[in-house]
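Going down the list, the protein sequences come from chains Z and C. In terms of the numbering used here, the first sequence is residues 1 to 205. In terms of the numbering used here, the second sequence is residues 206 to 410. All C-beta atoms, glycine included, are put in the ideal place defined by N, C-alpha and C. Here is the structure we will look at, set down as structure tokens.
Protein chains: 2
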Amino acid sequence: MKQRPGNTKADEQAINIIIAAVKSIAPMSGTDIELMLAILQYKTVKKHQLLLKEGEVSRNVYFLVSGFFRMYYIDFDGNEINYRFTDQHNFLVDFQSFLIQKPSHFYWEAMQDAELFVLPYRDIQDAYASSPAWNNFGRLMAEHVYLQLNERVEMLLFMNPEERYLHLLKTKPELFEKVSQFHLSSYMGVKPESLSRLRKRLLKK
Amino acid sequence: MKQRPGNTKADEQAINIIIAAVKSIAPMSGTDIELMLAILQYKTVKKHQLLLKEGEVSRNVYFLVSGFFRMYYIDFDGNEINYRFTDQHNFLVDFQSFLIQKPSHFYWEAMQDAELFVLPYRDIQDAYASSPAWNNFGRLMAEHVYLQLNERVEMLLFMNPEERYLHLLKTKPELFEKVSQFHLSSYMGVKPESLSRLRKRLLKK
DNA sequence: GGGAAACGTTGACGTTGGTTAAGAAATGAA
DNA sequence: TTCATTTCTTAACCAACGTCAACGTTTCCC
């Protein structure tokens with residue numbers, strides 16, 4: 001792992017976590033893992049710090065060793081709209097900005113102190129070019145993210161706010177522990193007041 | 206190209222179209238193209254015919270040489286909800302069902318007589334395994350489909366129906382030529398009556 | 001601990017989309 | 001051509017979300 005200026009030190013534990021996460025996505029030989037360890041950079045981020053701002057190009061894929069992030073967008077009226085939440089032990093990337101290397105529409109904010117690994121765009125493209133296993137990993141990761149996004153479209157397209165709430169309760173109960181009603185509401189595509197009323201309505205039933 | 210029973214015959218022209226489409230997504234050597242031609246099957250479909258039904262597993266990727274398809278879903282109330290439209294010279298796949306080989310939620314219907322190429326799941330997985338170029342292609346296709354879907358989420362999440370209509374007019378004018386207002390409405394996430402009213406409202410401005 | 005900020009709830013009111021129903025217009029098939 | 005089907009529009013009514021505002025509660029941070 002690169003120890004560049006500004007890099008804090010990753011412990012054994014953190015490295016084992018990312019190796020397990022990668023292997024759970026695609027099979028990897030020792031050499032392929034070495035390739036990854038050589039490009040990893042370790043970083044810590046304080047609560048409320050931003051990893052990415054609107055207008056910046058996402059030049060990295062991140063892996064969240066610990067902490068919790070939200071990806072949000074600021075709409076025409078200046079409201080923050082939460083687009084996605086990412087929990088620890090997951091990869092974290094503005095896939096759109098990363099893939100086409102264009103400025104992002106999003107902000108990435110740490111909602112808790114976080115530790116993460118940084119995988120620079122350039123190094124990942126090199127890995128794709130030099131290792132079939134990494135290319136395979138890239139394909140699986142894209143497919144994986146596609147499926148996640150697909151779930152979101154289905155929720156927004158096929159369900160009304162009440163159904164979305166019940167669906168999230170059932171499929172992502174963790175969210176309700178980590179995220180305030182306020183932040184959840186924009187993720188659901190409604191205003192905080194509407195979520196509050198919706199919950200009241202459901203309680204009556 | 207395999208000439209199995211039931212396969213009609215593809216002409217030179219159709220083969221050139223798919224080769225061009227593949228090369229526009231990822232660079233391919235002659236050998237890689239041969240690999241594809243060896244697994245291609247040619248098929249024609251009449252207007253209103255279904256390529257896939259809810260509950261079936263999507264066992265193929267298709268390439269649309271000519272014609273126009275809609276992918277739709279039937280909601281709890283029995284309404285057909287259009288999820289995606291695919292025009293000629295594009296790949297056509299229920300990515301979710303295809304990736305995990307689980308039953309699809311969707312129907313694929315030809316809205317015009319169509320000619321297409323069929324690429325079976327098994328053969329594609331073999332191509333991924335045997336050719337890095339195909340793995341690369343698979344990754345790029347997944348990324349490409351991701352970006353398309355992402356556009357859709359942004360539209361549904363960040364815009365109200367009126368904004369969605371104006372946005373589609375600007376970004377996908379072809380849709381308005383090929384698709385009736387009726388079919389467009391469910392794609393936009395509203396009822397036909399609402400789209401009609403919305404258009405009337407806009408005309409007044 | 002205390003003040004500020006963020007969050008949650010409620011009310012009143014306007015707007016808009018859903019629902020139902022009906023009929024006109026366009027399209028398609030026999 | 002003619003009949004049936006699909007699509008489009010309009011109307012009336014209702015339910016639900018957005019907006020604005022007020023206020024209580026919780027959390028955060030110095």
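Using the C-alpha atoms, what's the distance from residue j back to residue i?
i, j, result
"PHE117 (chain Z)", "MET364 (chain C)", "34 Å"
"GLY30 (chain Z)", "LYS383 (chain C)", "52 Å"
"GLY138 (chain Z)", "TYR128 (chain Z)", "7 Å"
"SER335 (chain C)", "LEU269 (chain C)", "25 Å"
"GLN306 (chain C)", "LYS47 (chain Z)", "40 Å"
"ILE39 (chain Z)", "GLU368 (chain C)", "43 Å"
"PHE381 (chain C)", "LEU374 (chain C)", "8 Å"
"VAL93 (chain Z)", "HIS294 (chain C)", "30 Å"
"GLU34 (chain Z)", "ALA338 (chain C)", "23 Å"
"TYR415 (chain C)", "GLY283 (chain C)", "Shown here, chain C extends from 206 to 410; a query on residue 415 (chain C) therefore has no answer."
"ILE223 (chain C)", "PHE296 (chain C)", "9 Å"
"ASN355 (chain C)", "GLN218 (chain C)", "33 Å"
"LEU184 (chain Z)", "VAL250 (chain C)", "45 Å"
"GLU56 (chain Z)", "ILE15 (chain Z)", "28 Å"
"TYR42 (chain Z)", "PRO366 (chain C)", "44 Å"
"GLU398 (chain C)", "ASP32 (chain Z)", "56 Å"
"PRO120 (chain Z)", "TYR326 (chain C)", "33 Å"
"LYS409 (chain C)", "LEU257 (chain C)", "42 Å"
"PRO210 (chain C)", "MET28 (chain Z)", "The predicted position of PRO210 (chain C) is uncertain, since its pLDDT is 48 and thus under 50; a value taken from the coordinates is nonetheless stated next. If I take the Cα positions, the gap works out to 41 Å."
Skipping 5 residues on each side, what residues in its chain have a beta carbon closer than 8 Å to that of residue i?
i, result
"TYR370 (chain C)", "MET393, LEU400, LEU403, ARG404, LEU407"
"GLU259 (chain C)", "TYR278, ILE279, PRO308, SER309, HIS310, PHE311, TYR312"
"ILE25 (chain Z)", "PHE137, LEU140, MET141, HIS144"
"GLU454 (chain C)", "Chain C is shown from 206 up to 410; residue 454 (chain C) falls before or after that span and cannot be answered."
"ASP11 (chain Z)", "none"
"PHE300 (chain C)", "ALA347, VAL350"
Quick one: give me the first and last residue of the alpha helix (DSSP H) that residue i is part of.
i, result
"PRO337 (chain C)", "337-363"
"LYS248 (chain C)", "Segment 246-250 is the beta strand (DSSP E) holding LYS248 (chain C); no alpha helix (DSSP H) there."
"PHE182 (chain Z)", "181-188"
"LEU300 (chain C)", "At residue 300 (chain C) the sequence reads Phe, which differs from the Leu that was named. Its alpha helix (DSSP H) spans residues 300-305."
"PHE176 (chain Z)", "173-178"
When burial is assigned at 16 or more other CB atoms within 10 Å of the CB, is residue i buried or exposed?
i, result
"PHE76 (chain Z)", "exposed"
"THR376 (chain C)", "exposed"
"LEU50 (chain Z)", "exposed"
"ARG152 (chain Z)", "buried"
"ALA319 (chain C)", "buried"
"ALA20 (chain Z)", "exposed"
"GLN125 (chain Z)", "exposed"
"LYS23 (chain Z)", "exposed"
"ASP328 (chain C)", "buried"
Assuming residue i is part of the beta strand (DSSP E), what are its boundary residues?
i, result
"VAL266 (chain C)", "265-271"
"PRO325 (chain C)", "319-325"
"LYS228 (chain C)", "Taken as a continuous stretch (DSSP letters only), LYS228 (chain C) belongs to no beta strand (DSSP E), being part of the alpha helix (DSSP H) at 217-230."
"GLU80 (chain Z)", "80-87"
"GLU398 (chain C)", "First-last for GLU398 (chain C): 397-409, but that is the alpha helix (DSSP H), not the beta strand (DSSP E)."
"PHE296 (chain C)", "295-297"
"GLU314 (chain C)", "312-315"
Excluding the 5 residues preceding and the 5 following residue i in the sequence, name in chain order all residues of the same chain whose CB lies nearer than 7 Å to its CB.
i, result
"ASN135 (chain Z)", "TYR128"
"LYS396 (chain C)", "SER390"
"PHE387 (chain C)", "PRO397"
"MET360 (chain C)", "ARG369, HIS372"
"ASN60 (chain Z)", "VAL118, LEU119, PRO120, TYR121"
Among the residues of its own chain, which have a CB less than 6 Å from the CB of residue i, if the five just before and after it don't count?
i, result
"PHE303 (chain C)", "SER263"
"LEU157 (chain Z)", "none"
I'd like to confirm something about residue i: is its beta-carbon nearer than 7 Å to some heavy atom of the ligand NAP, or not?
i, result
"LYS172 (chain Z)", "This structure lacks the ligand NAP; in fact it carries no ligand of any kind."
- Query: Is the segment 107-116 of chain Z touching the segment 61-81 of chain Z, taking contact as three or more C-beta pairs under 8 Å?
  - Reply: Judged by pairs of C-beta atoms under 8 Å, the segment 107-116 of chain Z touches the segment 61-81 of chain Z, as three or more such pairs exist.
- Query: At a cut of 8 Å, does the segment 134-150 of chain Z reach the segment 74-82 of chain Z through at least three beta carbon pairs?
  - Reply: no
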